[in-house]
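Structure first, then comments.
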Amino acid sequence: ASSGVFRILGTWLTVGSHDKAYGRLIWKMETRNPIFGNPTPRDMGFDTGSALSTANYKELDYWGITDLFWMQQFNRGKHAVLAGHMDPGDWADQYPLLNAWTAFMNDAFYNNPTEAIPKRGFGIVGQTFFTDNLYLMGGIHDANGKDGKLDFSSFWGTREFFSWAEFGYRGSKRKLSTRNNVHLHYWQQDARREAGVGESWGLAFTYSTITDSGATGFVRAGYSRGGAAQMRRFIGGGGSFKPFGRDHLGVAISWGSPPDKTRRNQLTGEIFYRIQVTQNLTITPNYQLIIHPSLTLETGRVSIPGLRMRLVF
Numbered sequence: 018a019s020s021g022v023f024r025i026l027g028t029w030l031t032v033g034s035h036d037k038a039y040g041r042l043i044w045k046m047e048t049r050n051p052i053f054g055n056p057t058p059r060d061m062g063f064d065t066g067s068a069l070s071t072a073n074y075k076e077l078d079y080w081g082i083t084d085l086f087w088m089q090q091f092n093r094g095k096h097a098v099l100a101g102h103m104d105p106g107d108w109a110d111q112y113p114l115l116n117a118w119t120a121f122m123n124d125a126f127y128n129n130p131t132e133a134i135p136k137r138g139f140g141i142v143g144q145t146f147f148t149d150n151l152y153l154m155g156g157i158h159d160a161n162g163k164d165g166k167l168d169f170s171s172f173w174g175t176r177e178f179f180s181w182a183e184f185g186y187r188g189s190k191r192k193l194s195t196r197n198n199v200h201l202h203y204w205q206q207d208a209r210r211e212a213g214v215g216e217s218w219g220l221a222f223t224y225s226t227i228t229d230s231g232a233t234g235f236v237r238a239g240y241s242r243g244g245a246a247q248m249r250r251f252i253g254g255g256g257s258f259k260p261f262g263r264d265h266l267g268v269a270i271s272w273g274s275p276p277d278k279t280r281r282n283q284l285t286g287e288i289f290y291r292i293q294v295t296q297n298l299t300i301t302p303n304y305q306l307i308i309h310p311s312l313t314l315e316t317g318r319v320s321i322p323g324l325r326m327r328l329v330f
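Under the working numbering, the first residue of the sequence shown is numbered 18, with each subsequent residue one higher.
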């Protein structure tokens with residue numbers, strides 16, 4: 018399996034002062050294509066019986082606008098509101114290694130698999146900090162979003178929503194090096210009539226920390242009801258550190274139980290080594306091991322070696 022991704026990101030307009038109200042329009046265009054006619058790395062996991070995808074790169078065989086939203090901040094970023102076309106997974110249940118471009122690729126360590134994160138669509142997100150440490154976030158999104166398509170009519174017409182709320186604690190502003198974050202996340206998705214998916218909801222928990230040396234550790238867990246999420250129960254953990262210079266080594270493992278009780282529980286492990294070749298170029302070998310893939314009884318384990326190259330300019 019192989020694919021290529023080309024993305025252009027930017028901020029077009031800035032209004033206001035950082036000390037008071039501050040707003041900007043954020044946009045992103047991209048195209049994602051298989052290489053040499055192969056299936057995409059995302060499909061490889063499903064093709065071999067895994068309940069979770071082995072990469073987050075969804076196919077998008079044309080240039081599409083995948084982000085176009087306004088971000089408005091108040092009181093030096095203490096409060097913020099976002100509205101427009103966005104990926105809900107960019108804001109809901111975040112942790113430091115949630116980046117398929119630089120860290121883990123498997124869905125077990127990307128968006129929590131007990132959460133039914135929809136594709137990109139119209140959404141509204143709000144955030145407020147009660148103190149330097151305590152925050153509350155929430156959002157409402159189109160449950161029928163489509164990557165690369167600016168179709169706001171589904172949000173207002175179909176009115177099938179994905180909504181979430183998150184309460185958490187982060188390290189003190191006076192000691193940014195700790196950057197501890199612990200939060201509890203609740204989500205709910207309306208029944209999607211056309212997709213044939215019933216109403217679902219769930220809870221997710223995340224604890225993460227970044228040490229003075231730049232090492233990152235995390236523990237994540239979740240529980241869901243209904244058939245919208247990939248997993249009903251999930252727990253996972255791992256981290257990354259710098260063995261040499263600016264290189265990063267990451268290791269993680271997880272256990273998950275699918276919503277269909279006739280399916281077996283799945284263990285997923287992943288390791289990557291990100292080599293910082295130059296300031297702009299990284300090369301990342303990685304290896305995924307799936308034990309007892311949930312969607313098949315014919316395979317005991319699946320081994321998937323991988324290689325990524327990322328160029329930023």
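Where a beta carbon is used, it is the ideal one built from N, C-alpha and C, also for glycine.
(message) Tell me which residue opens and which closes the beta strand (DSSP E) that Arg187 is part of.
(response) The residue labelled residue 187 in the question sits at position 170 within the sequence shown. Here the beta strand (DSSP E) through Arg187 covers 178-187.
(request) Kindly give me the distance between the Cβ atoms of Arg24 and Lys37, rounded to whole angstroms, as I take these residues to be in contact under 8 Å. (result) Sequence index remark: in the sequence shown, residue 24 carries index 7 (1-based). Sequence index remark: in the sequence shown, residue 37 carries index 20 (1-based). About 32 Å; that fails the 8 Å criterion.
(request) Could you have a look at Asp110 and say whether DSSP puts it in helix, strand or coil? (result) Residue numbering aside, residue 110 sits at position 93 when the sequence shown is read from its first letter. Note: Asp110 maps to coil in three-state DSSP.
(request) For Pro51, name the three-state secondary structure that DSSP assigns. (result) Locating residue 51 in the sequence shown gives position 34, where the first residue counts as 1. Here Pro51 sits in strand by DSSP.
(request) Quick one: using the 10 Å Cβ neighbour count with 16 as the cut-off for buried, is Gln296 buried or exposed? (result) What you label residue 296 is simply residue 279 of the sequence shown in a count that begins at 1. By the 10 Å Cβ count, Gln296 comes out exposed.
(request) Measure from the alpha carbon of Ser257 to the alpha carbon of each residue in Gly234, Trp272, Ser274, then state which is nearest. (result) For the purposes of this step, residue 257 is taken as the residue at position 240 of the sequence shown. The residue with the shortest Cα to Cα distance from Ser257 is Gly234.
(message) For Asp5 and Ser217, I'd like the C-alpha separation in whole angstroms.
(response) No answer is possible for residue 5: it lies beyond the span of the chain, which begins at 18 and ends at 330.
(message) I need the boundaries of the beta strand (DSSP E) containing Trp173, first residue and last residue.
(response) In the sequence shown, residue 173 corresponds to position 156, counting from 1. Per DSSP, Trp173 belongs to no beta strand (DSSP E); it is in the alpha helix (DSSP H), 170-174.
(message) Strictly by DSSP, which residues pair up with Met209?
(response) If you number the sequence shown from 1, residue 209 lands on position 192. Reading the sequence as shown, one finds Arg at residue 209 and not Met. Note: Arg209 sits in a beta bridge opposite Val214.
(message) Considering just the uninterrupted stretch of the alpha helix (DSSP H) at Met61, what are its terminal residues?
(response) On the sequence shown, residue 61 is found 44 positions in, with the first residue counted as 1. Start and end: 58-64.
(request) Might you give, ordered along the chain, the residues of its own chain that have their beta carbon closer than 7 Å to the beta carbon of Lys136, omitting 5 neighbours on each side? (result) As a first step, residue 136 must be located in the sequence shown, where it is residue number 119. Cβ neighbours of Lys136 beyond the five flanking positions: Gly162, Lys163, Asp164.
(message) Rounding to the nearest angstrom, what Cα-Cα distance links Tyr85 and Leu42 in this structure?
(response) Here residue 85 is taken as the residue at index 68 of the sequence shown, counted from 1. Here residue 42 is taken as the residue at index 25 of the sequence shown, counted from 1. One point to set straight first is that residue 85 is Leu, not Tyr, in the sequence displayed. Taking the straight line from one Cα to the other gives about 7 Å.
(request) Use the C-beta contact count for Arg13: other C-beta atoms within 10 angstroms, 16 or more gives buried, fewer gives exposed. (result) The requested residue 13 is not part of the displayed model; the chain covers only 18 to 330.
(request) For Asp164, write down the residues that DSSP places opposite it in a beta bridge. (result) To locate residue 164, count along the sequence shown from 1; it is residue 147. Answer is none; Asp164 lacks a bridge partner.
(message) Quick check on the burial criterion: 16 or more other C-beta atoms within 10 angstroms. Buried or exposed for Ser225?
(response) Along the sequence shown, one-based indexing puts residue 225 at 208. The residue is buried, with at least 16 neighbouring Cβ atoms inside 10 Å.
(message) If you follow the beta strand (DSSP E) that Asp264 is in, where does it begin and where does it stop?
(response) Within the sequence shown, the letter at position 247 stands for residue 264. Premise fails: Asp264 is in no beta strand (DSSP E) and is neither H nor E.
(message) Would Gln7 and Ser311 qualify as a contact pair, given that the criterion is a beta-carbon distance under 8 Å?
(response) The chain is shown from 18 up to 330; residue 7 falls before or after that span and cannot be answered.
(message) Less than 6 Å between C-beta atoms, sequence neighbours within five positions excluded: which residues of the same chain meet that for Ser271?
(response) As a working note, residue 271 is residue 254 in the sequence shown. If we look at Ser271 and ignore the five residues flanking it on each side, its Cβ neighbours are Ala125, Gly253, Thr285.
(request) Assign Asp124 to one of three DSSP states: helix, strand, or coil. (result) Here residue 124 is taken as the residue at index 107 of the sequence shown, counted from 1. Three-state result, Asp124: helix.
(request) With a threshold of 7 Å, establish whether the CB of Phe86 neighbours any heavy atom of the ligand COA. (result) As presented, the structure is devoid of all ligands, the ligand COA included, so that no description of it is given.
(request) Going by DSSP, name the residue or residues bridged to Asn282. (result) Here the question's residue 282 lines up with position 265 in the sequence shown. Paired residues: none, contrary to the question.
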